[in-house]
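K.L.:
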Amino acid sequence: MPRKKKCVAMLLAGGQGSRLGVLTHQTAKPAIPFGGKYRIIDFPLSNCANSGIDVVGVLTQWQPLELNAYIGSGSPWDLDLSSGGVYVLPPYMKAGAGEWYSGTANAIYQNLAFIEQFNPDYVLILSGDHIYKMDYADMLAHHIQKEAAVTIAVRQVPWEECSRFGIMNTDTQGNIIEFEEKPANPKSNNASMGVYVFTWPKLRERLIADERDPNSNNDFGKNIIPTMLDDGERLTAYNFNGYWKDVGTIESLWDANMDLLQTPVPIDLHDRSWRIYARNIGMPPHYISPTGEVSGSLVTEGCLIHGSVRGSVLSAGVVVEEGAQVIDSVIMPSARIAKGAKVIRSIIAEEAVIEADCEVGEETGDITLIGNGTVVKAGDKVPAGQQVSREGSEV
Amino acid sequence: MKRDIVGLIYTGERIDQLRDLTRIRSVAALPVLGRYRMIDFMLSSMIHSEIHNIGIIMQKNYHSLMDHLGSGREWDLHGKRNGMTILPPYMSTDNVGVYEGLLDALRSNIGFLRRSKERYIAVTDSHFLYSVPYEKMLAHHIDQGADLTLLYTKERGVRRNGAGRYLEIDDEGTVRQMECDPSIPRYENTYMACFLVRRELLIDMVDRAVSAGYHHFTRELITNILRDKTYKISGFECPGSVWMMDSVESYFKANMDFLSAENRARIFDMDKPVWTKLRDEMPTHYKEGADVSNSLIADGCIIEGKVENAILFRGVQVKPGASVKNCIVMQDGIIQRNVELAYCILDKQVTVRENTRMMGPSGYPLVVPKGLTI
Numbered sequence: 132m133p134r135k136k137k138c139v140a141m142l143l144a145g146g147q148g149s150r151l152g153v154l155t156h157q158t159a160k161p162a163i164p165f166g167g168k169y170r171i172i173d174f175p176l177s178n179c180a181n182s183g184i185d186v187v188g189v190l191t192q193w194q195p196l197e198l199n200a201y202i203g204s205g206s207p208w209d210l211d212l213s214s215g216g217v218y219v220l221p222p223y224m225k226a227g228a229g230e231w232y233s234g235t236a237n238a239i240y241q242n243l244a245f246i247e248q249f250n251p252d253y254v255l256i257l258s259g260d261h262i263y264k265m266d267y268a269d270m271l272a273h274h275i276q277k278e279a280a281v282t283i284a285v286r287q288v289p290w291e292e293c294s295r296f297g298i299m300n301t302d303t304q305g306n307i308i309e310f311e312e313k314p315a316n317p318k319s320n321n322a323s324m325g326v327y328v329f330t331w332p333k334l335r336e337r338l339i340a341d342e343r344d345p346n347s348n349n350d351f352g353k354n355i356i357p358t359m360l361d362d363g364e365r366l367t368a369y370n371f372n373g374y375w376k377d378v379g380t381i382e383s384l385w386d387a388n389m390d391l392l393q394t395p396v397p398i399d400l401h402d403r404s405w406r407i408y409a410r411n412i413g414m415p416p417h418y419i420s421p422t423g424e425v426s427g428s429l430v431t432e433g434c435l436i437h438g439s440v441r442g443s444v445l446s447a448g449v450v451v452e453e454g455a456q457v458i459d460s461v462i463m464p465s466a467r468i469a470k471g472a473k474v475i476r477s478i479i480a481e482e483a484v485i486e487a488d489c490e491v492g493e494e495t496g497d498i499t500l501i502g503n504g505t506v507v508k509a510g511d512k513v514p515a516g517q518q519v520s521r522e523g524s525e526v
Numbered sequence: 034m035k036r037d038i039v040g041l042i043y044t045g046e047r048i049d050q051l052r053d054l055t056r057i058r059s060v061a062a063l064p065v066l067g068r069y070r071m072i073d074f075m076l077s078s079m080i081h082s083e084i085h086n087i088g089i090i091m092q093k094n095y096h097s098l099m100d101h102l103g104s105g106r107e108w109d110l111h112g113k114r115n116g117m118t119i120l121p122p123y124m125s126t127d128n129v130g131v132y133e134g135l136l137d138a139l140r141s142n143i144g145f146l147r148r149s150k151e152r153y154i155a156v157t158d159s160h161f162l163y164s165v166p167y168e169k170m171l172a173h174h175i176d177q178g179a180d181l182t183l184l185y186t187k188e189r190g191v192r193r194n195g196a197g198r199y200l201e202i203d204d205e206g207t208v209r210q211m212e213c214d215p216s217i218p219r220y221e222n223t224y225m226a227c228f229l230v231r232r233e234l235l236i237d238m239v240d241r242a243v244s245a246g247y248h249h250f251t252r253e254l255i256t257n258i259l260r261d262k263t264y265k266i267s268g269f270e271c272p273g274s275v276w277m278m279d280s281v282e283s284y285f286k287a288n289m290d291f292l293s294a295e296n297r298a299r300i301f302d303m304d305k306p307v308w309t310k311l312r313d314e315m316p317t318h319y320k321e322g323a324d325v326s327n328s329l330i331a332d333g334c335i336i337e338g339k340v341e342n343a344i345l346f347r348g349v350q351v352k353p354g355a356s357v358k359n360c361i362v363m364q365d366g367i368i369q370r371n372v373e374l375a376y377c378i379l380d381k382q383v384t385v386r387e388n389t390r391m392m393g394p395s396g397y398p399l400v401v402p403k404g405l406t407i
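Chains P and Z, in that order, are what the protein sequence lines are.
One rule links them: number in our numbering = place in the first sequence (from 1) + 131.
One rule links them: number in our numbering = place in the second sequence (from 1) + 33.
1) Could you compute how far the alpha carbon of Z/T389 sits from the alpha carbon of P/A162?
2) Kindly say whether Z/H249, judged by its beta-carbon, lies nearer than 8 angstroms to any beta-carbon of chain P.
3) Going by the C-beta, is P/Y374 closer than 7 angstroms to any heavy atom of the ligand SAH?
4) Considering P/W405, what are the terminal residues of the beta strand (DSSP E) in which it resides?
5) Between P/P195 and the rest of its own chain, which residues show a CB-CB distance below 7 angstroms, the 5 nearest in sequence each way excluded?
6) By the DSSP assignment, the alpha helix (DSSP H) with Z/T157 in it spans what residues?
7) For the beta strand (DSSP E) that Z/K358 lies in, which residues bound it at each end?
8) What does DSSP give as the partner residue(s) for P/Y374 in the beta ladder?
9) Could you tell me whether the Cβ atoms of Z/F161 and Z/A226 are closer together than 8 angstroms?
10) Looking at Z/I143: is its Cβ nearer than 8 angstroms to the Cβ of Z/I236?
11) Quick one: which residues of the segment 400-416 of chain P get their C-beta closer than 8 angstroms to a C-beta of chain C? List them in chain order.
12) Look at the alpha carbon of Z/I38 and the alpha carbon of Z/S149, and state the distance between them as a whole number of angstroms.
13) Taking a Cβ distance cut-off of 7 angstroms, strictly less, list which residues of the segment 428-459 of chain P are near chain Z, in chain order.
14) Can you pull the chain Z residues whose beta carbon is under 8 angstroms from the beta carbon of P/G167, in chain order?
15) Mind checking which residues open and close the alpha helix (DSSP H) that includes Z/L171?
16) Considering only DSSP beta bridges, list what Z/E212 is partnered with.
17) Where Z/K265 and Z/E201 are concerned, what is the direct C-alpha to C-alpha distance, given to the nearest angstrom?
18) My parser needs the beta strand (DSSP E) runs of 3 or more residues fully inside the segment 238-326 of chain P; what are they?
19) With a CB to CB cut of under 6 angstroms and the five nearest residues on each side skipped, what residues in its chain are close to Z/H111?
20) Would you give the residue range spanned by the alpha helix (DSSP H) that Z/T256 belongs to?
21) By the DSSP assignment, the alpha helix (DSSP H) with P/L198 in it spans what residues?
22) Tell me Z/R58's beta-bridge partners as DSSP assigns them.
23) Please go through the same chain and pick out, in chain order, the residues whose beta-carbon is closer than 6 angstroms to the beta-carbon of P/S420, but skip the five residues on each side of it.
24) May I ask you to verify whether the segment 140-159 of chain P touches the segment 362-376 of chain P, counting CB pairs closer than 8 angstroms and requiring at least 3?
25) Please name the residues in the segment 153-179 of chain P whose beta-carbon is closer than 8 angstroms to at least one beta-carbon of chain Z, in chain order.
26) Leaving aside the five residues before and after Z/F301 along the sequence, list all residues of the same chain whose C-beta is less than 7 angstroms from its C-beta, in chain order.
27) Return the CA-CA distance between P/V519 and P/D497, expressed in angstroms with no decimal places.
28) List the residues of chain P whose Cβ lies closer than 8 angstroms to the Cβ of Z/I330, in chain order.
29) Excluding five sequence neighbours on each side, which residues of the same chain lie with their C-beta closer than 8 angstroms to the C-beta of Z/G116?
30) Please report the residue range of the beta strand (DSSP E) in which Z/D324 lies.
31) Measuring alpha carbon to alpha carbon, tell me which residue in Z/E212, Z/E83 and Z/A287 is nearest Z/T256.
32) Drop a sphere of 10 angstroms on the beta-carbon of P/L257, count the other beta-carbons inside from all chains shown, and report buried for 16 or more, exposed for fewer.
33) Kindly indicate which three-state DSSP category Z/H81 falls into: helix, strand or coil?
34) List, in chain order, every chain Z residue whose beta-carbon is nearer than 9 angstroms to that of P/S323.
35) Residues of chain Z with a CB under 8 angstroms from the CB of P/V425: which are they?
36) Among P/A487, P/V491, P/A466 and P/V484, which one has its Cα closest to the Cα of P/V474?
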């Protein structure tokens with residue numbers, strides 16, 4: 132019988148992430164490589180580890196193989212523990228029924244029994260598509276101090292972007308008095324970060340009621356939060372001022388990678404006091420040859436650079452051959468850019484091959500995307516905004 | 034599949050010619066190739082040969098080695114049934130605490146030899162950098178009907194006048210003679226301080242050698258076996274390349290050899306990773322103005338200056354206007370603005386202040402000890 136925990140984290144990692152196009156055909160969004168060495172899920176998992184939260188349930192559904200293998204025993208995040216750790220929670224068959232996770236709230240509902248094993252006082256709900264460093268312990272302290280039923284992490288976003296977010300309107304005490312999903316005329320610019328702390332008995336009760344409601348979408352943002360607000364529960368906002376980026380689209384994934392190249396850097400991954408941990412791949416240091424040129428870029432283990440790399444983020448085992456140019460791009464693990472090829476403003480996914488003299492992407496326009504394992508044939512041109520996968524191309 | 038071999042790594046005495054590099058650490062803990070320590074290569078050879086029980090005999094200065102190995106998790110040696118056994122020195126009637134040679138070390142750790150269950154044991158010292166398939170060495174040992182099989186190489190780079198062990202091997206592959214520290218070696222086969230033997234037989238050999246008052250495995254025990262022909266000793270040629278770390282010069286040259294793709298391919302195999310302790314560093318950041326050529330660079334560096342023919346370990350910073358040529362800079366070195374370095378080996382956590390110039394002679398690189406600020 133597991134021991135009682137004050138707080139258990141549940142990480143929603145089951146969505147397809149269809150806005151990431153061909154990147155998520157074979158891979159769950161949280162398993163997508165980021166920043167040269169990481170996967171998106173390293174950020175919430177490392178935040179949990181650094182915040183002292185040692186039970187993390189990861190709810191998976193879409194293409195979980197790579198994600199499951201990546202999480203493994205949880206040792207990279209010190210989450211391989213006797214009294215807790217990381218648990219991968221796919222949907223499963225139950226007596227009489229068994230169904231897919233139909234929404235974020237339903238996913239938690241289907242794992243009530245998992246959470247109850249730990250008899251927690253609080254449950255932290257996280258999602259697997261944001262890049263940020265956050266002390267959840269501080270948010271939990273805020274929640275306890277405010278005696279709230281729910282605390283929602285919010286951050287100020289530019290007014291013109293409010294229509295993309297759930298906006299929280301608060302009173303002077305920081306209590307949430309109104310919630311607007313993607314408002315056209317926002318009253319405030321406090322956007323929900325999709326990070327919630329619930330007092331567990333309150334959430335439990337809500338999840339059971341929500342499940343009985345045939346008209347509900349079983350979603351936190353659409354159903355659980357608005358109903359609690361309507362019923363007069365105390366909802367409080369927790370202001371977060373650090374770097375936070377949703378990487379749910381090709382454009383924002385590329386942007387967030389580029390942010391790592393800025394000076395001063397908006398999210399410091401060198402910071403020893405808040406390490407972001409990742410699974411180790413065991414490759415030797417990278418090599419820059421006499422013909423190689425690298426500037427304004429991140430390069431990691433196992434890379435071989437014989438060509439020119441500018442303003443780019445390269446993951447492990449990437450090969451850039453002589454005469455190839457990589458400019459303002461994100462190159463994922465073990466991709467190869469062959470002789471004379473030019474890659475600009477693009478994302479090249481894992482193990483893709485850009486053959487000799489190709490031109491991928493353009494200086495202006497949308498980001499170009501080459502999917503996992505895709506081979507772009509010698510001499511081909513792939514224009515701005517095009518997505519190419521093993522199955523073919525789409526715009 | 035598990036191989037019927039237990040591994041034993043002797044982490045070695047200090048080698049005086051390595052000067053300050055081994056003043057604070059054993060040879061096995063010597064940092065090499067940007068992110069490794071020597072022992073990582075010994076462990077990798079064993080692990081990739083399916084040897085999953087490995088004893089590590091510690092000598093003096095073993096703190097950095099203990100710190101490096103931790104629970105053995107990075108090498109998957111933290112299991113219950115198998116794994117890594119650290120054998121630190123201790124004082125007792127059987128253990129002399131300070132080992133004069135490998136034989137002393139084996140005698141003091143005879144308990145580990147007795148407790149192990151595997152039929153064979155592979156023992157290696159740690160100043161050679163190599164990769165050997167022990168399963169092939171074992172097959173050869175059995176084919177030859179040998180009692181003891183010694184690993185050797187014909188590589189000329191590891192021959193030294195006045196030092197080393199050299200083997201005369203006949204056409205059948207049997208070792209006939211061993212030269213110890215000859216002023217000019219006569220035989221072309223250099224013994225790599227690694228052997229394979231039936232475990233029970235080794236226990237027996239150690240017991241007898243100790244009662245005869247020997248301390249040295251090769252100079253006394255093997256030489257006597259060869260003279261008296263008590264056992265059949267066979268040679269197994271290491272199939273890959275071999276480097277030896279026995280002086281600052283050979284250490285420097287060995288590291289620099291890995292700037293060549295052919296040499297890297299000789300040791301690094303995508304399917305057989307060399308594991309090491311993790312630091313969870315972010316990728317290396319090349320800022321605008323970085324100018325790097327022919328260099329091997331680990332994670333966590335921040336490079337704003339010029340780096341040529343160099344090996345940078347994890348977390349090294351090269352500030353604008355600085356130039357680092359033909360150098361090895363170990364972990365967390367900081368090269369301030371307008372510094373000029375050539376033919377230097379900076380040990381860990383060395384800071385070189387602004388506008389400093391430091392040039393070693395090409396054949397005899399300068400060594401800056403750990404933690405110094407110059």
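C-beta atoms are modelled at their ideal positions from N, C-alpha and C, and glycine is treated no differently.
Given the structure is predicted, the values throughout are model-derived calculations rather than measurements.
P.N.:
According to the data block:
1) 46 angstroms
2) no
3) Inclusion of the ligand SAH in the displayed structure is not the case, the ligand content being empty and no account of it being possible.
4) Here P/W405 belongs to no beta strand (DSSP E), and DSSP marks it neither H nor E.
5) A159 and P221
6) No alpha helix (DSSP H) contains Z/T157, which is instead part of the beta strand (DSSP E) from Y153 to T157.
7) S356 to K358
8) BP columns for P/Y374 are empty, so no partner.
9) yes
10) yes
11) Chain labels in this structure do not include chain C; the protein chains are P and Z.
12) 9 angstroms
13) S428, L429, V430, T431 and E432
14) M315 and P316
15) Y167 to D176
16) Z/Y199
17) 14 angstroms
18) 253-258, 261-263, 281-287, 297-301 and 307-312
19) S104 and G105
20) T256 to D261
21) P195 to I202
22) Looking at the DSSP assignment, Z/R58 forms no beta bridge with any residue, so it has no partner.
23) H437
24) no
25) G166, G167 and K168
26) V307
27) 14 angstroms
28) P416, H417, Y418, I419 and V430
29) H85, N86, I87, G105 and L110
30) D324 to S326
31) Z/E212
32) buried
33) helix
34) Per Cβ cutoff of 9 angstroms: no residues; P/S323 is ~28 angstroms from chain Z at best.
35) Y319, A323 and V325
36) P/V491
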